[in-house]
């Protein structure tokens, strides 16, 4: 998958990437973040004390949504 990102054109997206310290893929996750950052993606990479399960996702789900889809002020006169 990382090779595909290296070869592809950069897309206009933000990437939120959380990984638990108890997961076995941390090295790959760090490498993917390095590749995405190097290609110019707007990324947020964090490692947390946990694993890959719902108990941890629940606590970060709102953070991920707010990062990927930031709130923008709206002109209320056009509403």
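Numbering (full-length UniProt numbering), first residue to last: 1 to 79.
Backbone N, C-alpha and C fix where the C-beta goes; we use that ideal spot for every residue, glycine too.
The structure presented is a predicted model; accordingly, all values stated were derived computationally and were not measured.
In this model, residue 53 and residue 15 are separated by some 20 Å (Cα to Cα). The DSSP-derived three-state label of residue 16 is strand.
A straight line joining the alpha-carbon of residue 51 with that of residue 60 spans about 12 Å. For residue 42, the uninterrupted beta strand (DSSP E) run begins and ends at 42-48, by DSSP. Between the alpha carbons of residue 63 and residue 56 lies a distance of about 12 Å.
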